[in-house]
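Worksheet: one structure, shown below.
In the UniProt record's numbering, the protein residues as written are 1 to 477.
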């Protein structure tokens, strides 16, 4: 039976269609130890695990002129071989070569005529290592779900509780209530013009639409206030900077690594969250990037899109996107790292109190009850106008807390990938795994040749905060 995409899921397709330079796929790169699996072993593992997940064998079905929402339908010619790839890096297989490969693969759009995912085995890394790159279209999953899909590829372990898995991060893992039970999703819209225009269908849509005000009232007046605040920020331009502008089709990719133990030590000293520390380190990096480019970091220079998971307990197993956003300015105008950290913490606290995320969730919930065609056309129209508000995206996703294995081989590190589009030249995904906190940096190839400088500055930012935290603790002893 066909399964309609939610308005938010479909929005990623609409955005990709509106931006010819975007490939809206998310991904995870796992660095492995041990012998590289043979073709049959890898294929059998994927067939037994990943290919059984929702929509792994489905392709997107669209309706002309967007008369109804896209839907998932079984691919009658599904062939697992189309989705499994294998490649070997040229010797000596340095990290730079691996990240360059990731950038090229992720920049290439997935084939809409097939299920929207790929899985690559990458051989030839230094120190007898290899890697697995999973690539999934954003219309299939958000960061939280993407991590769960990746973990489905791993060998079975004692299940971790959801709360424990999410305890180290609070940006893309925050569950935002909307007052009582979640807004119920409307039944699938018709797949043909005849059904779409039928009197019975129109009456049902009218009935569902009239129920929306009651549902919004139950969600609280604060939701409306948060939505107003969010829309106001989206329409307000940031200070002009080279961090935002037109992008090409090619991408750069690199990573920053820090120890989760060090991050927790900083959190304990300054009474902040892991996400606060991560965003403060990103602030340090972007500030240094601007200074190196000869630009002056100002208070309203870097407004950042910070995704927030709004996945309730009842929706924990849902595969579709359950995400809203906040749009804080990062304090790149502040030079002192500790003052930056305090400012980040205070700003995120204020944005959470303003209920921006709840407002965004309410908007997508209401849109789910409306006619898809005008909403889709509105998204296409809006994305064709150059946006000047958001400069970067920074998303924080919780990964496995314990060491994981795949086909009996240990996973040494995991690096996340987030796409860029709509004049955003830099995207940063943050993923925790064991004692590792990894920053996956995506950049436009032509306009971010200094992306590795940003990763270095992020690592240095965490070390600077760690030194300050230890000095502060020593002073109080």
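For glycine and all other residues, C-beta sits at the position ideal for the given N, C-alpha and C. Since the structure is predicted, the reported quantities are computational estimates derived from the model, not experimental observations.
Which listed residue (the options) has its alpha carbon closest to that of residue i
i	options	result
residue 458	108, 246, 259	259
residue 418	82, 58, 103, 90	103
residue 120	310, 79, 428, 46	46
residue 70	105, 429, 14, 305	14
residue 123	262, 86, 241, 293	86
residue 349	391, 272, 443, 427	272
residue 280	3, 466, 26	466
residue 393	376, 441, 149	441
residue 470	147, 263, 237, 346	263
residue 433	464, 447, 26, 401	401
residue 282	303, 398, 454	454
residue 34	339, 105, 398, 126	126
residue 397	387, 146, 373	146
residue 26	65, 105, 92	105
residue 4	58, 143, 468, 41	58
residue 73	96, 54, 376	54
residue 250	141, 420, 407, 107	107
residue 98	435, 133, 270	133
residue 22	75, 423, 84	423
residue 420	445, 37, 403	445
residue 355	90, 325, 377, 384	325
residue 39	407, 261, 450, 448	407
Simplified DSSP state of residue i, which is helix, strand or coil
i	result
residue 185	At residue 185 the pLDDT is 36, less than 50, meaning the model places this residue with poor confidence; the figure from the coordinates comes in the next sentence. Of the three classes helix, strand and coil, the one that applies to residue 185 here is coil, per DSSP.
residue 407	coil
residue 460	helix
residue 401	coil
residue 91	coil
residue 475	helix
residue 437	strand
residue 395	strand
residue 128	helix
residue 85	strand
residue 195	For residue 195, the predicted model reports a pLDDT of 40, less than 50, meaning its position is unreliable; a value from the coordinates is still stated below. Residue state, collapsed to three classes: helix.
residue 469	helix
residue 3	strand
residue 240	coil
residue 150	helix
residue 481	For residue 481 there is no data in the structure shown, the boundaries of the chain being 1 and 477.
residue 134	strand
residue 449	coil
residue 80	helix
residue 455	helix
residue 144	helix
residue 416	strand
residue 160	Residue confidence for residue 160 is low, a pLDDT of 45 falling below 50, so the modelled location carries little weight; the figure read from the coordinates is stated next. Coil, per DSSP.
Anticipated Cβ contact below 8 angstroms, residue i with residue j, distance rounded
i	j	result
residue 532	residue 323	Past the edges of the chain, shown from 1 to 477, lies residue 532, and the structure says nothing about it.
residue 29	residue 414	7 angstroms
residue 137	residue 114	Actually they are not in contact, since the Cβ atoms of residue 137 and residue 114 sit about 11 angstroms apart, beyond 8 angstroms.
residue 152	residue 50	6 angstroms
residue 425	residue 443	6 angstroms
residue 331	residue 340	5 angstroms
residue 61	residue 244	Not confirmed; about 35 angstroms, so no contact.
residue 238	residue 391	5 angstroms
residue 405	residue 66	No, residue 405 and residue 66 are not in contact; Cβ-Cβ is about 44 angstroms, not under 8 angstroms.
residue 337	residue 464	5 angstroms
residue 380	residue 68	Not really, about 16 angstroms apart at Cβ, beyond 8 angstroms.
residue 143	residue 395	6 angstroms
Span of the alpha helix (DSSP H) around residue i
i	result
residue 100	95 to 107
residue 375	372 to 384
Beta strand (DSSP E) segment containing residue i, residue limits
i	result
residue 352	Taken as a continuous stretch (DSSP letters only), residue 352 belongs to no beta strand (DSSP E), being part of the alpha helix (DSSP H) at 337 to 353.
residue 119	117 to 125
residue 71	71 to 74
residue 68	Taken as a continuous stretch (DSSP letters only), residue 68 belongs to no beta strand (DSSP E), as it is neither H nor E.
residue 326	323 to 326
In the stretch 246 to 319, which residue ranges form an unbroken beta strand (DSSP E) of at least 3 residues, counting only runs that do not cross its ends? 251 to 259, 304 to 309
Identify every run of the beta strand (DSSP E) within the stretch 5 to 59, keeping only runs that are complete inside it and at least 3 residues long; order them along the chain. 25 to 32
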